[in-house]
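Shown next, in structure tokens, is the structure this report addresses.
Residue numbers (this note's numbering): 988 to 1186.
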């Protein structure tokens, strides 16, 4: 279904049942809650130069930005987005929300477009967004699985993929970078990489 169809169905349910809608990313309380990931990270590792978080609808990145910039104003906060679904980067560059049109990426959790609140937050903080290839997303996912022993979905692995894609930029500008891994929704029967074979 399309976004419009989902919203229409949601409005019908709200009207019929009186349900309360809590938007998954374009909601101040959700953004504040998602910002606690960077709060925990900076409490554990306070001397970071940069923090990277994935961006789809922008809730996690907005919360990360608000929290990190208020705790450590000089910290660079970077959004990670697939090149094949780069609507957040284009939106911030153009100064208006540019909806995602037929994005095609393995990082399916990042297919949503920025909301009005998340766009305003990321614009106000002049948040940087970098993009990465599908190949580096898969490579990052595999590295996280094999080296860190963490089940991370492609949408989560985008944060590490940004470092792989832009390694020179990170080497030149930062000495300590934190990444926020956010999700492990994976079909184990349909991995985008071949599992390592025992030696």
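Yeah, the Cβ is synthetic: ideal placement off N, Cα and C, and Gly gets one too. Quick caveat: nothing in here was measured; it's all calculated off a predicted structure.
Residue 1088 - DSSP class collapsed to helix/strand/coil: coil
Please name the residue in 1127, 1025 and 1087 whose C-alpha comes closest to that of residue 1057. 1025
Contact under 8 angstroms by Cβ, residue 1038 with residue 1023: No. Outside cutoff.
Determine the direct distance from the alpha carbon of residue 1181 to that of residue 1021, and round the result to whole angstroms. So the alpha carbons of these two residues sit roughly 32 angstroms apart.
Continuous alpha helix (DSSP H) assignments of at least 4 residues falling wholly in the segment 1061–1118: Annotation: the segment 1061–1118 contains the following complete segments of the alpha helix (DSSP H) (minimum length 4 residues), in chain order: 1074–1081 and 1103–1111.
Note down the Cα distance separating residue 1102 from residue 1148, rounded to an integer number of angstroms. 24 angstroms
For residue 1142, is the classification buried or exposed, using 16 other Cβ atoms within 10 angstroms of its Cβ as the cut-off for buried? buried
Contact set for residue 1091: own chain, Cβ-Cβ below 8 angstroms, skip 5 residues either direction: 1071 and 1072
Could you name the residues that DSSP lists as bridge partners for residue 1179? BP columns for residue 1179 are empty, so no partner.
Check whether the Cβ atoms of residue 1146 and residue 1116 lie closer than 8 angstroms to each other. no
Going by alpha carbons, who is nearest to residue 1069 out of 1087, 1082 and 1009? If we check each option's Cα against that of residue 1069, 1087 comes out closest.
Alpha carbon to alpha carbon, what distance is there between residue 995 and residue 1001? 10 angstroms
Less than 6 angstroms between C-beta atoms, sequence neighbours within five positions excluded: which residues of the same chain meet that for residue 1113? none
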